[in-house]
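Working notes for the structure below.
There are 2 protein chains.
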Amino acid sequence: MKRKKALTKAKIFKEAIKLADNYGIANLSMRKLAKKLNIEAMSLYNHLANKEELLDGIVDEVFSKIDWRTDTKSKSWKPELRKQAIAVRAVLLQHPWSIKLLNSRSNPGPSVLRHHNKVLGLLMSCGFSYSMCAHTYALIDSYVYGFVIQECSLPATRGCDFVEMTASINALSRQGFPYLTKMAEEYYLKPEYSFSDEFLFGLDLILNGVEQAFKH
Amino acid sequence: MKRKKALTKAKIFKEAIKLADNYGIANLSMRKLAKKLNIEAMSLYNHLANKEELLDGIVDEVFSKIDWRTDTKSKSWKPELRKQAIAVRAVLLQHPWSIKLLNSRSNPGPSVLRHHNKVLGLLMSCGFSYSMCAHTYALIDSYVYGFVIQECSLPATRGCDFVEMTASINALSRQGFPYLTKMAEEYYLKPEYSFSDEFLFGLDLILNGVEQAFKH
DNA sequence: ACCTGAACACCGTTCAAGT
DNA sequence: ACCTGAACACCGTTCAAGT
Numbered sequence: 000m001k002r003k004k005a006l007t008k009a010k011i012f013k014e015a016i017k018l019a020d021n022y023g024i025a026n027l028s029m030r031k032l033a034k035k036l037n038i039e040a041m042s043l044y045n046h047l048a049n050k051e052e053l054l055d056g057i058v059d060e061v062f063s064k065i066d067w068r069t070d071t072k073s074k075s076w077k078p079e080l081r082k083q084a085i086a087v088r089a090v091l092l093q094h095p096w097s098i099k100l101l102n103s104r105s106n107p108g109p110s111v112l113r114h115h116n117k118v119l120g121l122l123m124s125c126g127f128s129y130s131m132c133a134h135t136y137a138l139i140d141s142y143v144y145g146f147v148i149q150e151c152s153l154p155a156t157r158g159c160d161f162v163e164m165t166a167s168i169n170a171l172s173r174q175g176f177p178y179l180t181k182m183a184e185e186y187y188l189k190p191e192y193s194f195s196d197e198f199l200f201g202l203d204l205i206l207n208g209v210e211q212a213f214k215h
Numbered sequence: 000m001k002r003k004k005a006l007t008k009a010k011i012f013k014e015a016i017k018l019a020d021n022y023g024i025a026n027l028s029m030r031k032l033a034k035k036l037n038i039e040a041m042s043l044y045n046h047l048a049n050k051e052e053l054l055d056g057i058v059d060e061v062f063s064k065i066d067w068r069t070d071t072k073s074k075s076w077k078p079e080l081r082k083q084a085i086a087v088r089a090v091l092l093q094h095p096w097s098i099k100l101l102n103s104r105s106n107p108g109p110s111v112l113r114h115h116n117k118v119l120g121l122l123m124s125c126g127f128s129y130s131m132c133a134h135t136y137a138l139i140d141s142y143v144y145g146f147v148i149q150e151c152s153l154p155a156t157r158g159c160d161f162v163e164m165t166a167s168i169n170a171l172s173r174q175g176f177p178y179l180t181k182m183a184e185e186y187y188l189k190p191e192y193s194f195s196d197e198f199l200f201g202l203d204l205i206l207n208g209v210e211q212a213f214k215h
């Protein structure tokens, strides 16, 4: 019999992420996770206080994947902040369940805190006042999270076939939403349209606005 | 024995919202809801296909409370769009559980669709192109939802006493997050600071940016 | 120090049976 | 047409007992 190596939090989190990626966060239960780890559900409680700690842990694990090198002393906050926003979106999209967990957890882990510290450090060392830091960060964060949440819960419109497309357009117009109908048939449901492509428009608009506010 | 009036979806949704408001969305179960309605859990399935329909229903009910009069023919989209964003935030804050449901539901109800139709109609009748409509709406929606999500999941910092405040500052600085620590002690944790006050800064920055993009 | 089995108090949902 | 009781297949978590 080969002896199993001791279980660690790291291994538990890794397996939990795999489960959530493959079967959805709704199917991540302590019992199923334990089964995957070849132990009984109750054994997990030797390593974790409760499921909360598991969820906090895997969110933080996702955040730890953000590319982490930044010249905090940089004098150009704008391209750097842009890069950070893009990076956050990228890791969240890799694990679509993570965005929903992120803002329902009240105990941010070290990687989440490290990220906040990095962004605030960037702004502060570029001469942003406390209030401009707070304004800017609230704005960028809200936008990125809000955008990714919508993106992750969008029906996979790519695979949407012509029949159900016209069906949903017809349903809309029957219920009396003329503008929405028009917009859907003339724009949203065209195969060229991709919600994801909207991300940079909003991000750059926000960054330009912050720049103007910063310069007074 | 007084005869109970027939149960309707409207009554079920109303009771469900009351339950979620009072005890949190986590405590809204089919069984508890049925008990409040003085019926057995299984009877709910005579009125609803499943719990999904319940959640779709109560989200839509929340959206139906948005003030709904709008002069869609208005030539000034900016104050109107601003008012809509503020109204959406207001109703979502009244039912803090609703924001999390909103973007996990894939079947938007009539009130949600009506709202989308209204905003798109406003922009379209003010001469926005399809692509500017899509850009603008994605941006505003992302911001509002992202902001409200953060707002709803913030620890009730108002009641936070001095002891735990300094404790959390110390914890931060011990872990080595100097900027975050500084920002917390010099700004975020001061009693005058309120995250909610950040909302209008971002909203107006975005609206001004859209205005510039619209004018070319 | 770690794992286990049995148990508790829950879930959503189905189904056959009642009125 | 609506309601019910029993049942199924799940949850997270506790606790006393094992090694």
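Protein chains in written order, with numbering that gives the first Met the number 0: chain G, 0 to 215; chain B, 0 to 215.
For each residue, glycine too, the CB sits at the ideal point set by N, CA and C.
Residues of the same chain with a CB within less than 7 Å of the CB of G:ASP55, apart from the 5 flanking positions on each side, are ARG104, ASN106 and GLY108 in chain order. Scanning its chain for C-beta atoms nearer than 8 Å, with the 5 sequence neighbours on each side dropped, one finds around G:LEU92 the residues VAL147, GLU150 and CYS151, in chain order. What B:ASP140 touches in chain G, judged by beta-carbon distance under 8 Å, is GLY145 and GLN149, going in chain order.
By the rule that beta-carbons nearer than 8 Å mark a contact, G:GLN93 does not touch chain B. Annotated three-state conformation of G:PHE198 is helix, per DSSP.
For B:CYS125, no CB of chain G lies under 8 Å from its own CB, so it is not counted at the interface with that chain. Its chain contains LEU27 and TRP96 as the residues whose beta carbon lies nearer than 6 Å to that of G:ALA19, once the 5 sequence neighbours on both sides are disregarded; these appear in chain order. For the pair G:PHE127 and B:PRO78, the Cα-to-Cα distance works out to about 29 Å. Taken atom to atom, the span from the alpha-carbon of G:TYR142 to that of B:TYR142 is near 4 Å. Within a 10 Å sphere around the beta-carbon of B:LYS82 sit fewer than 16 other beta-carbons, which makes this residue exposed. Rounded to whole angstroms, G:ASP203 and B:GLY201 show a C-alpha spacing of 14 Å. Residues of chain B with a Cβ closer than 7 Å to the Cβ of G:ASN207 are, in chain order, GLY208.
With contacts defined as CB atoms closer than 8 Å, B:TYR129 and G:GLU52 fail to qualify as a contacting pair.
The C-beta of G:ARG88 comes no closer than 8 Å to any C-beta of chain B. Each residue's CA atom was taken as its position, placing B:GLU210 and B:MET131 some 11 Å apart. Taking the Cα positions, G:LYS189 is about 21 Å away from G:GLN174. Straight-line measurement puts the Cα of G:ASN207 at about 39 Å from the Cα of B:GLY23. Counting only residues of its own chain and dropping the five nearest sequence neighbours on each side, B:ASP66 has a CB closer than 7 Å to the CB of ALA86. Around the beta carbon of G:LEU199, fewer than 16 other beta carbons sit within 10 angstroms, so the residue counts as exposed. A Cβ-Cβ separation of about 7 Å places G:ILE98 in contact with G:TYR144 under the 8 Å criterion. With its beta carbon at least 8 Å from every one in chain G, B:ASN26 lies outside the interface.
Residue environment: G:THR7 is assigned as exposed (fewer than 16 neighbouring CB atoms within 10 Å of its CB, all protein chains considered). G:PHE176 sits in coil when the DSSP states are folded into three classes, being neither helix nor strand. If only uninterrupted alpha helix (DSSP H) runs of at least 4 residues are considered, those enclosed by the segment 114-178 of chain B are 129-152 and 161-174. Going by DSSP, G:GLU60 is part of the alpha helix (DSSP H) stretching over 50-62. Relative to the Cα of G:LYS13, the nearest Cα in the group G:ASN116, G:LEU36 and G:SER167 belongs to G:LEU36.
Closer than 9 Å at the C-beta level to chain B, one finds these residues of the segment 102-126 of chain G: ASN102, SER103, ARG104, SER105, PRO109, LEU112, ARG113, HIS115, ASN116, LYS117, VAL118, LEU119, GLY120, LEU121, LEU122, MET123 and SER124. Rounded to whole angstroms, the Cβ separation of G:ALA133 and B:GLU191 is 12 Å, and the two are not in contact under 8 Å.
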